[in-house]
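**Student:**
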Amino acid sequence: MSNKIISNEFRTFSKIQLISKDQIENTNGERLSDILNFSNGVFIKSYGGNSSLNTISIGGSASEHTLILLNGFKLNSDQNNQIDISAISKDNIRKIEILNSGAGSIYGSQAMSGVINIITEQNADDKLGVRFTGQTGSYGLKKFYTGISKKFYAIETRFGYTSENSLNNYDYFFFNGAENELKQRNKSGYDFKNYTISLNYNQFKKTSLSFYSDLSLNKRNIPGIETGSDPSNAEQSDKNWNNIITVKTVLSDKFNFKAQINFQNNLSHYSDFILTDSYYKNISFSGSVFGEYSENRLKVTGGYDYGYSSLNSNEISEDAVRNQNSFFLLSEIDFSSALKIFPSVRADFTNDPSCNAVTGKLGINIKPISNKEFYVKAAAGNNFSLPTFNALYWKDLGNRHLNPESSFNIDAGFIYGFSFFTENKLELTFNHINYKDKIIWTPGSNGLWTPENNAASVSNVFLAEISMRKQLSRALSLDLNINYSFTSAQNKSNDNPEFYDKQLIYIPVNMLKSSLSLNYKNTGINIFYCFTDKRFTDRYNNNFLPGYDVTDGNIFYTLNLIGVKSTLRIDVNNIFNENYKIISGYPMPLRNFKISVNLEY
């Protein structure tokens, strides 16, 4: 992941999930949240359909404890340690890597429960490549995507543009006290635009240069919690600009060097046109320099990371500025063909809050049977997460004396690849995460809520996944994935004995997911199923949202004519019209449709 750790599902120390370009394109939906929704051990917290806020939970964690990377650089804002994954379009994503384990010794703050790395399309060849996608669907959906790729002399160039908008006035049921009433989610429209460019220069004998830039301009209405009254008139606009420059060079047959810099400028504005009119300007600059040494059975990666972030907002007491210097050392040692170990250590030095954090991890990979693709994985390490700017500086309520949150993680399991009628992969994993000094907002004697380091929890997570692939004939192929997760995330805080050992709110204990892909000649069908268990909505575990089953699917036909690959596709979401909410007060859409045409040259 991001060139720092091995991204091989079999030969690494913890569970890693790899989502390919084909899997991304086969998925219903247009955003990162839609792609991740069917991954093992991943729970998407959606505050409504399509344009609504979507955050992620891995391993029974809060969303701010999962680190999201784009080409190896952090997307989580230091303002709240989160990122809205519904705002990330899938159009320019080449693949996704998911690490179901803490990785503080590799990536630093926030990587307490897992890491997701998004890898974008960057390479291009001599032939001009053009892609156009047009979509229309329920609730006034309109989307257009245009992508162009071409190698101009020595520079591989890619451009992309996405425009998507919708009234998003989807149908849903609201219980009015007597019966379920069919309603429309009014004042929920959105208009998203995204521009991308990537340039690669590879003409030096041993050195390559690359540049990536991404500009998102998003506007959406925020209808608020459904209470039976008229929706809010609130609006939110987000302008996000992300830039990455990378230099890679081969110094010898044993030593590689890589340097990267990243600049992000993110501006958000929210107004309800009554009491609240808030703006947040987040600036971040980060850089990474590291070398990789490989010889025989040893691979060592060491380097330095620098991070600067600032927040200017009318909702905080003063401008927030953070500088962070980090040093890391990662290694992979092959003792034999049957045994690998992965020691890693990292030191982070931060000025706001003033703290030093040392994290370490030891991983192991064992192949006990030489002629079988059977591997045992295990790892243990500590992690941390810095307080957010909101928690430190919120007007009249922020707490400048907060400490970093911490966790200790242990995971173990095995993965087995075998052939029995189909090509199969079976993986079982157990994760234990002990969180301490968690920051929660707590009411004081004056009735005001302030953040404090007074929460703790323990997560015990069991993951099971099996994938099957079969080429049934020259024209017919099958891909099937089934995964299950059990998550016990128990409150271990001492502030109230009635909360102790209770399941954390909005963390489902059981999730079962499956996906089926059938392809026959130029025609294909994809079916996706997800069962999510009940979620408690209060710390006493007295109230809960019921579990739900949702099935999505699509069917497509592809025709190649005079060098143009044309694909017609029909998507159906929530096929069986399930009435459900993921978060209390935020209804999800009933059955809806989409039709798309994709042209590639």
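Using this note's numbering, you'd call the opening residue of the sequence shown number 17 and step up by one each time. Note that the Cβ used here is the ideal one computed from N, Cα and C, for glycine as well. Computed from a prediction, not measured in an experiment: that's the story for all the values here.
With the cut-off set at 8 angstroms, would you say S129 and S77 are in Cβ contact?
**Tutor:** Mapped onto the sequence shown, residue 129 falls at position 113. Mapped onto the sequence shown, residue 77 falls at position 61. Result yes, Cβ atoms of S129 and S77 sit closer than 8 angstroms.
**Student:** Only counting the same chain, and skipping five residues up and downstream in sequence, which positions put a Cβ closer than 8 angstroms to that of Q126?
**Tutor:** As a first step, residue 126 must be located in the sequence shown, where it is residue number 110. So the list reads E80, H81, T82, L83, K90, N92, N97, S401, L402, once near-sequence residues are dropped.
**Student:** If I'm right that N381 touches K356 with Cβ under 8 angstroms, what's the distance once you round it to whole angstroms?
**Tutor:** Counted from its first residue, the sequence shown places residue 381 at position 365. Counted from its first residue, the sequence shown places residue 356 at position 340. At roughly 4 angstroms, the Cβ-Cβ gap stays under 8 angstroms, so N381 and K356 are in contact.
**Student:** From what residue to what residue does the beta strand (DSSP E) around Q33 run?
**Tutor:** On the sequence shown, position 17 is the one that residue 33 refers to. 32 to 35 is the extent of the beta strand (DSSP E) around Q33.
**Student:** Find the nearest neighbour of S117 within the set D254, G57, S509, judged by alpha-carbon distance.
**Tutor:** The residue labelled residue 117 in the question sits at position 101 within the sequence shown. It is G57.
**Student:** How about Y206 and S49: do their beta carbons lie closer than 8 angstroms?
**Tutor:** Mapped onto the sequence shown, residue 206 falls at position 190. Mapped onto the sequence shown, residue 49 falls at position 33. No, the Cβ-Cβ distance between Y206 and S49 is not below 8 angstroms.
**Student:** Going by the beta-carbon positions, is the gap between S333 and N298 smaller than 8 angstroms?
**Tutor:** Reading the sequence shown from its first residue, position 317 is the one you call residue 333. Reading the sequence shown from its first residue, position 282 is the one you call residue 298. Cβ atoms of S333 and N298: not closer than 8 angstroms.
**Student:** Can you tell me which residues form a DSSP beta bridge with D94?
**Tutor:** Taking the first residue of the sequence shown as position 1, residue 94 is located at position 78. D94 pairs with nothing; no bridge assigned.
**Student:** What separation, rounded to the nearest whole angstrom, lies between the Cα atoms of G318 and K199?
**Tutor:** Here residue 318 corresponds to residue number 302 of the sequence shown, with the count starting at 1. Here residue 199 corresponds to residue number 183 of the sequence shown, with the count starting at 1. Roughly 57 angstroms between the two C-alpha positions.
**Student:** Taking the alpha-carbon positions, what's the F424 to N398 distance?
**Tutor:** Locating residue 424 in the sequence shown gives position 408, where the first residue counts as 1. Locating residue 398 in the sequence shown gives position 382, where the first residue counts as 1. Their Cα atoms are separated by approximately 4 angstroms.
**Student:** Please return the same chain residues whose Cβ sits closer than 7 angstroms to the Cβ of P359, not counting the five positions on each side in sequence.
**Tutor:** Working through the sequence shown from its first residue, we reach residue 359 at position 343. Excluding positions up to five away in sequence, the list reads S347, L378.
**Student:** What's the gap between the Cα of S493 and the Cα of D230?
**Tutor:** Looking up residue 493 in the sequence shown gives position 477. Looking up residue 230 in the sequence shown gives position 214. Computed Cα separation, rounded: 36 angstroms.
**Student:** Closer than 6 angstroms by C-beta to E481: which residues in its own chain qualify, once you throw out the five before and the five after it? Chain order, please.
**Tutor:** Here residue 481 refers to the residue found at position 465 of the sequence shown. Taken in chain order, the residues that qualify are N56, E443, N499.
**Student:** Tell me the residue span of the beta strand (DSSP E) that contains A170.
**Tutor:** If you number the sequence shown from 1, residue 170 lands on position 154. First-last for A170: undefined, no H or E at that position.
**Student:** Under the rule that 16 or more other beta-carbon atoms within 10 Å means buried, what is I349, buried or exposed?
**Tutor:** Start at 1 with the first residue of the sequence shown, and residue 349 comes out as number 333. By the 10 Å Cβ count, I349 comes out exposed.
**Student:** On the CB-based measure, 16 or more other CB atoms within 10 Å of its CB, does P603 come out buried or exposed?
**Tutor:** By one-based count along the sequence shown, residue 603 stands at place 587. Buried, because 16 or more other Cβ atoms sit within 10 Å of the Cβ of P603.
**Student:** Mapping DSSP to helix, strand and coil, what is L48?
**Tutor:** Here the question's residue 48 lines up with position 32 in the sequence shown. Note: L48 maps to helix in three-state DSSP.
**Student:** Alpha carbons only, please: which of K31, Q151, L115 is nearest the one belonging to N44?
**Tutor:** Residue 44 sits at position 28 when you count from the first residue of the sequence shown. The shortest C-alpha separation from N44 is found at Q151.
**Student:** Below 8 angstroms on the Cβ atoms is my contact criterion, and I expect N256 with S232 to pass it. Report the Cβ-Cβ distance as a whole number of Å.
**Tutor:** Position 240 of the sequence shown holds residue 256. Position 216 of the sequence shown holds residue 232. Contact holds; Cβ gap of about 4 angstroms.
**Student:** Report, in whole angstroms, the separation of the C-beta atoms of K166 and L144, which I expect to be a contact under 8 angstroms.
**Tutor:** Taking the first residue of the sequence shown as position 1, residue 166 is located at position 150. Taking the first residue of the sequence shown as position 1, residue 144 is located at position 128. Their Cβ separation, rounded to whole angstroms, is 5 angstroms, which keeps K166 and L144 in contact under 8 angstroms.
**Student:** Taking Cβ to Cβ, would you say Q506 is nearer than 8 angstroms to Q519?
**Tutor:** Position 490 of the sequence shown holds residue 506. Position 503 of the sequence shown holds residue 519. Cβ distance < 8 angstroms, so Q506 and Q519 count as in contact.
**Student:** Please name the residue, chosen from L314, E331, T366, that lies closest to N339 on a Cα-to-Cα basis.
**Tutor:** Residue mapping note: residue 339 aligns to position 323 of the sequence shown, counting from 1. Closest by alpha carbon: T366.
**Student:** Within 8 angstroms, do at least three Cβ pairs link the region 407 to 425 to the region 467 to 483?
**Tutor:** Cβ pair count under 8 angstroms is three or more, so yes.
**Student:** Hey, could you find the ends of the beta strand (DSSP E) S401 is sitting in?
**Tutor:** One-based indexing of the sequence shown puts residue 401 at position 385. That run of the beta strand (DSSP E) goes 389 to 401.
**Student:** Does the region 589 to 604 come close enough to the region 556 to 566 that 3 or more CB-CB pairs lie under 8 angstroms?
**Tutor:** The region 556 to 566, when compared against the region 589 to 604, does touch it at the 8 angstroms Cβ threshold.
**Student:** Please go through the same chain and pick out, in chain order, the residues whose beta-carbon is closer than 6 angstroms to the beta-carbon of F544, but skip the five residues on each side of it.
**Tutor:** Sequence index remark: in the sequence shown, residue 544 carries index 528 (1-based). Hits under 6 angstroms: F54, S531, D568.
**Student:** Counting C-beta neighbours from all protein chains within 10 Å, is the total for S435 16 or more, i.e. buried, or is it exposed?
**Tutor:** For the purposes of this step, residue 435 is taken as residue 419 along the sequence shown, with counting starting at 1. Exposed.
**Student:** Answer with buried or exposed for D269, where buried requires no fewer than 16 other C-beta atoms within 10 angstroms of its C-beta.
**Tutor:** Start at 1 with the first residue of the sequence shown, and residue 269 comes out as number 253. Under this definition D269 is an exposed residue.
**Student:** Does DSSP put F405 in a helix, in a strand, or in coil?
**Tutor:** Sequence index remark: in the sequence shown, residue 405 carries index 389 (1-based). If DSSP states are grouped into helix, strand and coil, F405 belongs with the helices.
**Student:** Determine the direct distance from the alpha carbon of F572 to that of N614, and round the result to whole angstroms.
**Tutor:** As a position in the sequence shown, residue 614 is number 598, starting the count at 1. As a position in the sequence shown, residue 572 is number 556, starting the count at 1. Each residue's Cα considered, the two are about 10 angstroms apart.
**Student:** In the DSSP assignment, find the alpha helix (DSSP H) that holds S121 and state where it starts and stops.
**Tutor:** What you label residue 121 is simply residue 105 of the sequence shown in a count that begins at 1. Here the alpha helix (DSSP H) through S121 covers 120 to 123.
**Student:** Classify I599 as buried or exposed, calling it buried when 16 or more other Cβ atoms lie within 10 Å of its own Cβ.
**Tutor:** Counting from one through the sequence shown, the residue named residue 599 turns up at place 583. It counts as buried.
**Student:** Using the rule of at least 16 other Cβ atoms within 10 Å of the residue's Cβ for burial, across every protein chain shown, is V374 buried or exposed?
**Tutor:** The residue labelled residue 374 in the question sits at position 358 within the sequence shown. When all chains shown are included, V374 counts as exposed.
**Student:** Within the region 299 to 378, note down every full beta strand (DSSP E) run reaching 3 residues or more, in order along the chain.
**Tutor:** As far as the region 299 to 378 is concerned, its whole beta strand (DSSP E) runs of at least 3 residues are 314 to 329, 336 to 352, 355 to 367.
**Student:** Quick one: what does DSSP say R587 is sitting in, helix, strand or coil?
**Tutor:** Here residue 587 is taken as the residue at index 571 of the sequence shown, counted from 1. For the sequence presented, residue 587 should be read as Asp rather than Arg. Strand, per DSSP.
**Student:** On a Cα-Cα basis, can you pick out the residue from L577, G601, N608 that is closest to I586?
**Tutor:** Numbered from 1 along the sequence shown, position 570 holds the residue referred to as residue 586. The residue with the shortest Cα to Cα distance from I586 is N608.
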